[in-house]
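*Asks:* In order, the protein sequences belong to chains A and B.
By the working numbering, the letter at position 306 of the first sequence is numbered 320, and the numbering carries on one by one without gaps.
By the working numbering, the letter at position 54 of the second sequence is numbered 1473, and the numbering carries on one by one without gaps.
Yeah, the Cβ is synthetic: ideal placement off N, Cα and C, and Gly gets one too.
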Amino acid sequence: MEQPRSAPPLGTLLDDARDRDWYIDQFFRLLMFLCGISAVVFVLGIFIFVFKEGSGFIIQQMDWAEFFLSPKWRPTSAIRATYGTLAMVAGTAAVTLIAMAVALPLSFAAAIFIAEFARGRMREWLKVIIELLAAIPSVVWGFIGLMLINPLLIDTFDVPIGLNVLNAGLILGLMAAPIITSIAEDALKAVPDTYREAAEALGASKWQVVYKVVLPAAKNGLLSAALLGIGRAFGETMAVLMASGHALTIPSSPFDSIRALTATIAAELGETPVGSDHYQALFAIGIFLFTITFLINMSADFIVRGIKNQ
Amino acid sequence: MSNQSTAHHNEEPKSPLSHSSAAVVLSTTSTISTADALPASAEREEAQATVKVAVRDLSIHYGTTTALSGVSLDIAANEIFAIIGPANSGKSSFLQAINRMDLLRHNMSVSGSVLFNGIDTRSWRNVYALRRKIGVVFPLPVGLPLSIYDNVALAPRLRGIKKPSLLDEIVERSLRRAALWDEVKDRLQALGSLLSGGQQQRLTIARALSQDPEVLMLDEFSIAVDPVTTMRIEDVLKELKQQMTIILVTNLVQQANRLAERTAFFLNGECVEVGETEALFEGQVQDQRTLDYLQGRFG
Ligand SMILES: Nc1ncnc2c1ncn2[C@@H]1O[C@H](COP(=O)(O)OP(=O)(O)OP(=O)(O)O)[C@@H](O)[C@H]1O
Ligand SMILES: [Mg+2]
Chain A
15 MEQPRSAPPL GTLLDDARDR DWYIDQFFRL LMFLCGISAV VFVLGIFIFV FKEGSGFIIQ
75 QMDWAEFFLS PKWRPTSAIR ATYGTLAMVA GTAAVTLIAM AVALPLSFAA AIFIAEFARG
135 RMREWLKVII ELLAAIPSVV WGFIGLMLIN PLLIDTFDVP IGLNVLNAGL ILGLMAAPII
195 TSIAEDALKA VPDTYREAAE ALGASKWQVV YKVVLPAAKN GLLSAALLGI GRAFGETMAV
255 LMASGHALTI PSSPFDSIRA LTATIAAELG ETPVGSDHYQ ALFAIGIFLF TITFLINMSA
315 DFIVRGIKNQ
Chain B
1420 MSNQSTAHHN EEPKSPLSHS SAAVVLSTTS TISTADALPA SAEREEAQAT VKVAVRDLSI
1480 HYGTTTALSG VSLDIAANEI FAIIGPANSG KSSFLQAINR MDLLRHNMSV SGSVLFNGID
1540 TRSWRNVYAL RRKIGVVFPL PVGLPLSIYD NVALAPRLRG IKKPSLLDEI VERSLRRAAL
1600 WDEVKDRLQA LGSLLSGGQQ QRLTIARALS QDPEVLMLDE FSIAVDPVTT MRIEDVLKEL
1660 KQQMTIILVT NLVQQANRLA ERTAFFLNGE CVEVGETEAL FEGQVQDQRT LDYLQGRFG
């Protein structure tokens, strides 16, 4: 696009001068780069720290078969210490399962109501309430599990103890629900109104519009919401510690007490000498958790990407 | 945008309109075939028997803004009825009032009445059933995020049709009627949004036809469509006229001239006049503003 112009050389120089906007642009570029890099550095740093603490145990002591297949977690046994996580994995999985069974229907229904049916004031209020619920600290949820749901379960189902899979699952489900709701609502809101109008013009009822058009169009966002909820329930510590009963068993019914992976780390780490086998084994659990969460997030990413490329 | 304006330029009236002074004289003598203007009472009754949509004193407000004020007109069965007028004249609002889309817009209020087959649309208890009788094509093609097949099969499915062979038949028939079948028959499972703009607009027409509507309403359908495709769709509309009533909102006055038996001119929410399209384009207008608009001497 160069045009032969008889402009003075000074003029051409000025055209290419590095002006203030250019410097500002460069500055912000650098700043953004540093921010982005520091996030990666922090994550990497944490990973290296956890891995360093646990790697010695994993490489030298750990019996892989025992770690994954034995339900016996006896790190302090004087005769022979065993480090099996199967019971904790099963317990965590059971709690997460119940949490999702509670949270997903609840939060998707709430999201659909808020995004598609509620109007004006009602909608604003509901959104505020959801935000408030999301802000309740997990220790408060744990307290609710301990003081409210525990006696409730004992009375209703006539069981000796109400601190169990069901209790922890309920608590985690209620805890994850507001977050899933607000992400799912965003996903529904992102569906263009023209879709709704086109469907309504075809004679679709409000509900038909939702399940024939809006939900399929929002499936990506809804899926990420669900996976984020699973991640949240899986990684939660304080509330499960308080509501699950913290007993080392492979659950066979919702009324069995269990012990979660996260809760084990939280409960035991403070009492183990730094660098001991027990201490390192706890970090090995940490690495295990890290890997699972990573896999959940990765698969979410892949699923979403797969759907996009379709 | 540019597409639209060039299209408008191309459409400079082929036959020069008669002088406006003559038009004023003519307008007093011309018979304009609204129901009231028909001479013999027998003919009038016949005309009323075939009125598909009767609009009486229709006004539309959005909050405090008036989009349409006191419009009364009749749309006969199996005619193409065009509505022309500049932006913001209330054309789209008029269409929305007919299939009761005002229910979706909390700030839109409608007064007056719309009689569909002689029955006030507001006395319909099931608006969904009413909307199924009225196909709508929007200015920009709204391809739902579904396959071509599912886009067209949506309306029948909403009505509870599940039988695959029947759905196949409806999809094929609708796509054929919209002159799209040959182009998409080999990729019915592809996403509708992968089609070209003109194909997408024909897809939305096929979708509107899949419910076998009694009335087809098109709102400036050619905004995002090239002239060749526009002509193809226009041919489709001429065919469809045999089976349904077509209300065509357009900002291309020559499109109204090519297609419509009668044309209404809307301006600032007012229906300035309704007349035989041919007569209007010959200059037999009742209002000078109509002629100004038709001749492109506006704003
Ligand atoms: N949803 C809405 N909320 C508020 N005002 C609206 C809404 N829709 C339309 N209006 C107003 O109603 C008036 C008529 O709009 P309408 O869309 O019916 O015009 P139109 O003739 O279809 O215009 P165009 O040719 O640009 O499509 C305008 O003044 C517009 O601003
Ligand atoms: Mg419009």
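Can you tell me which of the three DSSP states A129(A) falls into?
*Replies:* Stepping through the first sequence from its first residue, residue 129(A) is reached at position 115. It is helical.
*Asks:* Spatial neighbours of G176(A) within its chain, please: C-beta separation below 6 Å, excluding the five flanking residues on both sides.
*Replies:* By one-based count along the first sequence, residue 176(A) stands at place 162. Result list for G176(A): N164, L167 and I168, in chain order.
*Asks:* Considering only residues of the same chain and omitting the five flanking positions on each side of T278(A), which have a CB-CB separation below 8 Å?
*Replies:* By 1-based counting over the first sequence, the position of residue 278(A) is 264. Closer than 8 Å at the Cβ level, and outside the excluded window around T278(A), lie W87, M102, L296 and I299.
*Asks:* Is K1471(B) buried or exposed, if buried means 16 or more other CB atoms sit within 10 Å of its CB?
*Replies:* The residue given as residue 1471(B) occupies position 52 in the second sequence. Buried: at least 16 other Cβ atoms inside 10 Å.
*Asks:* By a C-beta neighbour count over all protein chains shown, 10 Å radius and 16 as the cutoff for buried, is C1690(B) buried or exposed?
*Replies:* In the second sequence, residue 1690(B) corresponds to position 271, counting from 1. Buried: at least 16 other Cβ atoms inside 10 Å.
*Asks:* Shortest alpha-carbon distance to L1523(B) belongs to which of F56(A), S266(A), G249(A) and F131(A)?
*Replies:* Residue 1523(B) sits at position 104 when you count from the first residue of the second sequence. Nearest option by C-alpha distance: F131(A).
*Asks:* Could one say the Cβ of Y97(A) lies closer than 8 Å to chain B's Cβ atoms, at least one of them?
*Replies:* What you label residue 97(A) is simply residue 83 of the first sequence in a count that begins at 1. No, Y97(A) lies away from the interface with chain B (no Cβ there is under 8 Å from its Cβ).
*Asks:* Any residues in the region 1604-1634 of chain B with a beta carbon nearer than 9 Å to a beta carbon of chain A? Which ones, in chain order?
*Replies:* Answer in chain order: L1610, T1623, R1626, A1627, S1629 and Q1630.
*Asks:* Between the region 303-312 of chain A and the region 238-248 of chain A, can you find at least three pairs of beta-carbon atoms closer than 8 Å?
*Replies:* Output reads yes: the region 303-312 of chain A touches the region 238-248 of chain A.
*Asks:* Can M256(A) and G159(A) be called in contact, C-beta distance under 8 Å?
*Replies:* Counted from its first residue, the first sequence places residue 256(A) at position 242. Counted from its first residue, the first sequence places residue 159(A) at position 145. It is a contact, given that the beta carbons lie within the stated cut-off.
*Asks:* Between the alpha carbons of L1622(B) and F302(A), how many angstroms are there, rounded?
*Replies:* As a working mapping, residue 1622(B) is identified with position 203 in the second sequence. As a working mapping, residue 302(A) is identified with position 288 in the first sequence. Their Cα atoms are separated by approximately 51 Å.
*Asks:* List the DSSP bridge partners of D1638(B).
*Replies:* Taking the first residue of the second sequence as position 1, residue 1638(B) is located at position 219. For D1638(B), which the question treats as bridged, DSSP gives the partners V1668(B).
*Asks:* In whole angstroms, what separates the C-alpha of G284(A) from that of P268(A)?
*Replies:* By 1-based counting over the first sequence, the position of residue 284(A) is 270. By 1-based counting over the first sequence, the position of residue 268(A) is 254. Using only the alpha carbons, I get a separation of about 30 Å.
*Asks:* How about A253(A) and L184(A): do their beta carbons lie closer than 8 Å?
*Replies:* Walking along the first sequence from the start, residue 253(A) turns up at place 239. Walking along the first sequence from the start, residue 184(A) turns up at place 170. Cβ atoms of A253(A) and L184(A): not closer than 8 Å.
*Asks:* Is any beta-carbon of chain A found at less than 8 Å from that of R1651(B)?
*Replies:* Start at 1 with the first residue of the second sequence, and residue 1651(B) comes out as number 232. No - not a single Cβ of chain A is within 8 Å of the one on R1651(B).
*Asks:* Could you list the residues in the region 222-233 of chain A with a C-beta less than 8 Å from some C-beta on chain B, going in chain order?
*Replies:* Flagged, chain order: Q222, K226, V227, P230 and A231.
*Asks:* Using the beta-carbon count (16 or more within 10 Å), is V1561(B) buried or exposed?
*Replies:* On the second sequence, position 142 is the one that residue 1561(B) refers to. So V1561(B) counts as buried.
*Asks:* Where does D372(A) sit, in a helix, a strand or coil, going by DSSP?
*Replies:* Nothing can be reported for residue 372(A): it is not among the residues displayed for chain A, which extend from 15 to 324.
*Asks:* Taking 7 Å as the cut-off, is the C-beta of E1697(B) nearer than that to any heavy atom in ligand 2?
*Replies:* Along the second sequence, read from residue 1 onward, the residue named residue 1697(B) stands at position 278. Checking every heavy atom of ligand 2 against the Cβ of E1697(B), none is found closer than 7 Å.
*Asks:* For a contact defined as C-beta to C-beta under 7 Å, what are the partners of S219(A) on chain B?
*Replies:* For this step, residue 219(A) is matched to residue 205 along the first sequence. Within chain B, the residues near S219(A) are Y1547.
*Asks:* Assuming I158(A) is part of the alpha helix (DSSP H), what are its boundary residues?
*Replies:* By one-based count along the first sequence, residue 158(A) stands at place 144. I158(A) -> alpha helix (DSSP H) spans S152 to I158.
*Asks:* Can you say whether L118(A) is buried or exposed, counting buried as having 16 or more other CB atoms within 10 angstroms of its CB?
*Replies:* Translated into the one-based positions of the first sequence, residue 118(A) becomes position 104. The residue is buried, with at least 16 neighbouring Cβ atoms inside 10 Å.
*Asks:* Applying the criterion that 16 or more other CB atoms from any shown protein chain within 10 Å of the CB defines a buried residue, is K226(A) buried or exposed?
*Replies:* Translated into the one-based positions of the first sequence, residue 226(A) becomes position 212. Flag for K226(A) reads buried.
*Asks:* So with CB distances below 7 Å, who are the chain A contacts of H1480(B)?
*Replies:* Indexing the second sequence from 1 puts residue 1480(B) at position 61. Correct list: empty, because the minimum Cβ distance to chain A is about 18 Å.
*Asks:* Kindly confirm or deny that the region 1550-1569 of chain B and the region 1488-1505 of chain B touch, where touching means at least three C-beta pairs closer than 8 Å.
*Replies:* The region 1550-1569 of chain B is not in contact with the region 1488-1505 of chain B.
*Asks:* Can you grab the Cα-Cα spacing for the pair A280(A) / L262(A), in whole Å?
*Replies:* Position 266 of the first sequence, counted from the first residue, corresponds to residue 280(A). Position 248 of the first sequence, counted from the first residue, corresponds to residue 262(A). Rounded to the nearest angstrom, the two C-alpha atoms are 15 Å apart.
*Asks:* The beta strand (DSSP E) that contains D1521(B), what's its start and end?
*Replies:* Start at 1 with the first residue of the second sequence, and residue 1521(B) comes out as number 102. Segment: none, D1521(B) is in no beta strand (DSSP E) and carries neither H nor E.
*Asks:* For N1570(B), which residues in the same chain have their Cβ closer than 7 Å to its Cβ, ignoring the five residues on either side in sequence?
*Replies:* Numbered from 1 along the second sequence, position 151 holds the residue referred to as residue 1570(B). G1562, L1563, G1611, L1622 and R1626, listed in sequence order.
*Asks:* Considering only the alpha carbon of each residue, which of I1652(B), A1679(B) and S1491(B) lies closest to N1497(B)?
*Replies:* For the purposes of this step, residue 1497(B) is taken as residue 78 along the second sequence, with counting starting at 1. It is A1679(B).
*Asks:* Per the DSSP calculation, Y1547(B) is bridged to which residue(s)?
*Replies:* Here residue 1547(B) corresponds to residue number 128 of the second sequence, with the count starting at 1. Per DSSP, none; premise fails for Y1547(B).
*Asks:* When DSSP labels each residue in this structure, what does H260(A) get in the three-state scheme?
*Replies:* For the purposes of this step, residue 260(A) is taken as the residue at position 246 of the first sequence. In the structure shown, H260(A) sits in coil (DSSP, three-state: anything other than H, G, I, E or B).
*Asks:* For ligand 2, any of its heavy atoms closer than 7 Å to the Cβ of E1639(B)?
*Replies:* If you number the second sequence from 1, residue 1639(B) lands on position 220. Yes.
*Asks:* Counting only Cβ pairs nearer than 8 Å, list the residues of chain A close to N1518(B).
*Replies:* Counted from its first residue, the second sequence places residue 1518(B) at position 99. Ordered by position in chain A, the residues that pass the 8 Å Cβ test against N1518(B) are A215.
*Asks:* Answer yes or no: the CB of N1670(B) versus the heavy atoms of ligand 1, is any distance below 7 Å?
*Replies:* By 1-based counting over the second sequence, the position of residue 1670(B) is 251. True, at least one ligand heavy atom lies under 7 Å from that Cβ.
*Asks:* I'd like to check one pair, I264(A) with P89(A): are the Cβ atoms closer than 8 Å?
*Replies:* Position 75 of the first sequence, counting from 1, holds the residue named residue 89(A). Position 250 of the first sequence, counting from 1, holds the residue named residue 264(A). No; because the gap between Cβ atoms is not below 8 Å, this pair is not in contact.
*Asks:* Please go through the same chain and pick out, in chain order, the residues whose beta-carbon is closer than 8 Å to the beta-carbon of Q222(A), but skip the five residues on each side of it.
*Replies:* Residue 222(A) sits at position 208 when you count from the first residue of the first sequence. The residues are A213.
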